[in-house]
Structure formats: C-alpha cells, structure tokens
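Worksheet for the structure shown next.
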Amino acid sequence: MRKQFGYVLLALVMLVVLAFVVQRTSTKATLRRYLAELRIKGEKLAGSELFPVCSTNPEHIVSRNFFATNIAAGTFIVPEVMKFVDDGKARIGWKGDLHWEGMSTNKANSSDATWKALEEQNKQQATNLELFRRALKNPSPDLGPHTNFLNTPKLNIPLERHVAQSFLADEMENLHHGHPAAALEDVEEIIALISLNKDEPTLPVQMMRNAIANLGLFATWELMQSPDLNEEMLSRLQREWQEIDLFAALEKGFLGERAYGYEMLTMLQTYSGANVRRLFAFSTVAGSNVPPAPIDWSEVWDDHIVFPLYKMTSSDDDGLFYLKSMQNVLDSARMLKSSVPWPTVKVIVTNQVHETDKTFARDKFHRYRFSELANPNYSRAMELVVHAETLRRLTITAIALKRYQLGHGAWPNELKLLTPGILSEVPIDPMSGKPVCYRFSPDGHCVLYSVGEDGRDDGGVGGGKDLWLGKDAVWPTAVDEDADAALAAHQKVN
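Just add 55 to wherever you are in the sequence shown, counting from 1, and you've got this note's numbering.
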C-alpha cells in the first residue's frame, strides 16, 4: 500500500513539474512572439536603438559641460507671470507692484521683493546670465556618451530650473523698464533651454523640457503685453515656438521608459543572488565596492528563495505584462500626436490604469513585481504635456493674431484669415482635435481659447484663477495693477 502511495505521489510530482515546464515554455514562446511582433512593427526596444550619437560639436560640448559641472544659486526671487485674477483675465506681472512666487498676501511682509530688489538680484546674476547665454548659444542635444540606462549621465534639474528662472527675472525687469527687444532675447533663451538634451530618450529629461516650456509660454504671454513689439519680433517668436513639439517629446520619453525596463528584464535573465535584489532596487549590481555588512536574513531569504522562485515561475509573465502595458502607454501618446482629442485619450488611459491597478491588487504572490515597480504615473505625465502643448498652440495663434492686427489695423473676424500668409494652418486644439477656437465681436473684442478638459465648446468661458479651472481654457485678457484694484473694489461693492 505504501509502495502504491509512493508511486502516486511521484506521479503527481512529475505531473506538476511537467505542467510547470510546459507553462514556462509556453510563456517564453509567447514573450518571444510578442517581441517579434513589436520588431516587425518597427518598435525600438533597446536603449542602443534610442540613444543619440554623442555630439562632438564644440558648442555642444561647451553647453554639455556647463550643465554637468555647475550648480544652482540659493534663494531667488521668481516673479509671478500670467497670474489669473478673474475668469479669463490675468495680471500683467511687469506693471505695478512686483509679485513673486510664494509671496505673502500681507503687503507688510512683502517689502523685501520690490523692483529694486529684483534689479539688484539681476545685477548680481549678470555674470552668470552671460555664461548661461553662451551655454545656450547652441544647446547640446544630449547628456553625453552612454551605452545603457544604468550609466546615463545625470540631469541637472536644479540648474536648468535656475537658468530658466534667471531669464524670466531678467525679462520682467526689461519689460518693466520698457526694453522689449532685450525681453525677447530672454524669452528666446528660455526656448533654447527647451532644446537642451532634446534627443535624450528618458522621461525625466522630456518632462523637464515640458516644465521649462510651460514657464516659457507664461513668459511669452507677458512679452505679448508690450505695446512695442513689431512684425519682425513677433515673426521670430512665432517661428521659434513652432519648432517645439511637446507630444514628440512625450513619445520619446515613453520609448525610453520602455527601453529601460526592457534592459532591466534582459539583465534579470542572467543575474542571480544579490544582484537580482539590487536590480529590483534600481541600484548598482555586480562589481559594487560595498563594504561587508552584518548578515540580513531577510536579504538571504530574498536572494536564495524569493527571487529564484520568481525567476523560475513569473519573470517571463512579468516581462510580457510590462511590455504590453508600455505599448498601451505609447499607443495613447501617439493618439495625441494624431490629433485624437485628449478627453478620448484620457478615458482610454484611465481605463488602462484601472485594469493595471486591479491586476496588481490581485497579485498576492508578487508575480508582477517588476511591472509594479516600473509603473509610474504616466497619466499625470500625459496631462501635464497636453496642458503645455495646448498652451503652446494658443500662444502661436495669439502671436499670429497680433501680427495680423499690426498689419491690418484690426483683429480678424475669423482665424482662416491668418492662413496661409501668417500661419500655414490654424493650430489644432488637443482637447477637441479641431482648430483652436476664436470668437470675434463687432465691438472689436475677441476671445481665443481651447475647449478645455471636457472637450466641449462653451463659447470661451474661463473659470477662476487658473487656465484649466474653467469650462474653456481661455488665452487671458491682460489687466494691469490699477485695473486689478478697480475690479476688486467693484466686486466688493457688489
């Protein structure tokens, strides 16, 4: 009887092993087929296919070295720009009292940030500003040589932010003193900064470019309020903003994210022991000169039980899930490039995030541990880029409208009149997939706007003290300090 029981038990074990081998072989085959399908479609999976050739242009080298070796200054006054004060209305930052980011609403606590203080700050920054200009004369398109994502040179986020804010502060002083030509040069330097590292296929680099673009667009609105801009200046500004493509930058960042994950998964197949754990910590792997430490039994358990079991049973399923999830993200980003309205894309992305979260919640044995670690908030990244790209297109249209007004002495009654002389075509609103909206009244009042997050045209109805709080995203009408005060007094009386 015991002998028969032993045979049965052995048979069961062999069946389990056979089922495991068949399942693992099947998963590997499925993963290979999926990778082959992506290759046939022309998808670039490895970092080696995406990394730019390191530029040897002398000006690029100067630019690259500057941002790699310098550090940002300390406390810094950053003027407020395009500050919304009411529905569809924004205060001109370079007129009246100086307002700055983080400013107290109590004027008694705000006396240190006067125009004089800003001018003194800019004076102290003058030498640095000239260095910044040299570094941006021909900005480097890459961070430098690297062969994989683990040895990618670091992005100097604090310095890039400081450089952008320095030119913004200088622009505001120039506008305050009636020097629009100098202010235009400051805005152009911010636009040049957007082109820094533009070929780098990493999401942090591309999102930094997006943040700088957003600041530059706000700075452009301030410049547009100068009465002294001429056709040549506006044409220059329009051309430079037209060369920026934030949706292409988003796609490049997502491609890099997938390639980074693909490289990690490839390394996972050859690593064992502590190196697997370190790989999951996104830290140094083999060859690390870490001094000996007391035995950590949880690490011993992970190194010799948890991760070996994961590699045997789940790593291929995890890799397949990760690659499919990233393909969904990329497909969504490409929809934006193809003018699919953001509200439609947002629903798709939200559903994908929901399904992914449900999968992770059901994953009690952490079979998808890599996918869960390598799954940042892509939907938020998309939203930030859509907002900035929408504002960029509104800005280009606003510049074109101003050029028309200068040339004809009046505003056009429809945007079609801007083509083909000033614009080759009316920019598409990413929120609707249709041309940006424009309403002209016989009294000369005109409203330029995007239909906003809901994708519906509400006739140019802004909302509150933010571009994206209203039913529509309205290119704001300018109000100066006196008008702002008068509006506040009127609202108080009524």
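Yeah, the Cβ is synthetic: ideal placement off N, Cα and C, and Gly gets one too.
Here's the rule: buried if 16 or more other CB atoms are within 10 angstroms of the residue's CB, otherwise exposed. What is residue i?
{"i": "Ala336", "result": "exposed"}
{"i": "Ser479", "result": "exposed"}
{"i": "Gly97", "result": "exposed"}
{"i": "Asp373", "result": "buried"}
{"i": "Met367", "result": "exposed"}
{"i": "Pro475", "result": "exposed"}
{"i": "Thr275", "result": "buried"}
{"i": "Asp521", "result": "exposed"}
{"i": "Ile249", "result": "buried"}
{"i": "Pro396", "result": "buried"}
{"i": "His500", "result": "exposed"}
{"i": "Asp412", "result": "exposed"}
{"i": "Leu239", "result": "buried"}
Which residues in the same chain have their Cβ closer than 6 Å to the Cβ of residue i, if we skip the five residues on either side of it in sequence?
{"i": "Phe222", "result": "Asp241, Glu244, Ile245"}
{"i": "Asn211", "result": "Phe122"}
{"i": "Ala341", "result": "Reliability fails at Ala341, whose pLDDT of 36 lies under 50, so the model's placement of it is uncertain and no value is given."}
{"i": "Asn252", "result": "Leu198, Val260"}
{"i": "Asn468", "result": "Phe495"}
{"i": "Tyr365", "result": "none"}
{"i": "Leu560", "result": "Residue 560 lies beyond the residue range present for the chain, which begins at 56 and ends at 549; the question has no answer from this structure."}
{"i": "Leu320", "result": "Gly374"}
{"i": "Glu312", "result": "Leu258"}
Under three-state DSSP, which class holds residue i?
{"i": "Ile95", "result": "helix"}
{"i": "Val534", "result": "strand"}
{"i": "Ser110", "result": "coil"}
{"i": "Pro256", "result": "coil"}
{"i": "Val529", "result": "strand"}
{"i": "Tyr493", "result": "strand"}
{"i": "Pro235", "result": "helix"}
{"i": "Leu284", "result": "coil"}
{"i": "Leu53", "result": "This structure does not reach residue 53, given that the chain is present from 56 up to 549, and the question cannot be answered."}
{"i": "Ser343", "result": "Low per-residue confidence applies at Ser343: pLDDT is 37, beneath 50, and the placement is therefore not dependable, though the value from the model is reported in the following sentence. It is coil, neither helix nor strand."}
{"i": "Lys83", "result": "helix"}
{"i": "Phe131", "result": "coil"}
{"i": "Ile483", "result": "strand"}
{"i": "Ser338", "result": "Residue placement at Ser338 is flagged as unreliable, the pLDDT there being 42, under the threshold of 50; the coordinate-derived value follows with that caveat. Note: Ser338 maps to coil in three-state DSSP."}
{"i": "Lys471", "result": "helix"}
{"i": "Ser118", "result": "helix"}
{"i": "Tyr3", "result": "As displayed, the chain neither begins before 56 nor continues past 549, which places residue 3 out of reach and without an answer."}
{"i": "Ser103", "result": "helix"}
{"i": "Ser505", "result": "strand"}
Going by beta-carbon coordinates alone, are residue i and residue j separated by less than 8 Å?
{"i": "Asn203", "j": "Glu318", "result": "yes"}
{"i": "Trp155", "j": "Ile132", "result": "yes"}
{"i": "Asp498", "j": "Thr445", "result": "no"}
{"i": "Arg422", "j": "Ser369", "result": "yes"}
{"i": "Val481", "j": "Leu470", "result": "yes"}
{"i": "Leu375", "j": "Gly308", "result": "no"}
{"i": "Ser118", "j": "Leu191", "result": "yes"}
{"i": "Val136", "j": "Glu277", "result": "yes"}
{"i": "Glu298", "j": "Pro107", "result": "no"}
{"i": "Pro194", "j": "Ala247", "result": "yes"}
{"i": "Lys392", "j": "Ala303", "result": "yes"}
{"i": "Asp225", "j": "Asn177", "result": "yes"}
{"i": "Gly515", "j": "Pro398", "result": "no"}
{"i": "Gly462", "j": "Gly143", "result": "no"}
{"i": "Leu292", "j": "Ile454", "result": "yes"}
{"i": "Ser434", "j": "Thr405", "result": "yes"}
{"i": "Glu228", "j": "Glu174", "result": "yes"}
{"i": "Ala237", "j": "Leu270", "result": "no"}
{"i": "Thr452", "j": "Val491", "result": "yes"}
{"i": "Gln407", "j": "Asn430", "result": "no"}
{"i": "Phe425", "j": "Tyr377", "result": "yes"}
{"i": "Pro196", "j": "Ser110", "result": "yes"}
{"i": "Met262", "j": "Ala436", "result": "yes"}
Apart from the five residues just before and just after residue i, which ones in its own chain have a Cβ nearer than 8 Å to its Cβ?
{"i": "Lys99", "result": "Leu105, Leu310, Ala314"}
{"i": "Ser394", "result": "Ile483, Pro485, Gly488"}
{"i": "Gly507", "result": "Met486, Asp513, Trp523, Gly525, Lys526, Asp527, Ala528"}
{"i": "Leu301", "result": "Arg264, Asn265, Ala268, Val440, Ala443, Glu444, Arg447"}
{"i": "Lys457", "result": "Met279, Leu284, Leu289"}
{"i": "Arg188", "result": "Glu244"}
{"i": "Tyr459", "result": "Trp466, Pro467, Leu472, Leu473, Ile477"}
Taking 7 Å as the limit between beta carbons, can you name the residues of its chain near residue i, skipping five residues before and five after?
{"i": "Lys138", "result": "Ala145, Arg146, Gly148, His154"}
{"i": "Phe415", "result": "Tyr423, Glu427"}
{"i": "His201", "result": "Phe106, Thr207, Pro208"}
{"i": "Trp530", "result": "Leu449, Ala453, Leu503, Tyr504"}
{"i": "Phe362", "result": "Val331, Arg332"}
{"i": "Thr169", "result": "Leu153"}
Quick one: does residue i have its CB under 8 Å from some CB of chain D?
{"i": "Phe420", "result": "This model lacks chain D altogether, as it is built from one protein chain only."}
Quiz item: At which residue ranges does the segment 141-212 contain complete beta strand (DSSP E) runs of 3 or more residues, listed in the order of the chain?
Solution: 144-146
Exercise. With a floor of 4 residues, list each alpha helix (DSSP H) that falls wholly inside the segment 393-446, ordered by position along the chain.
Key: 397-417, 424-428
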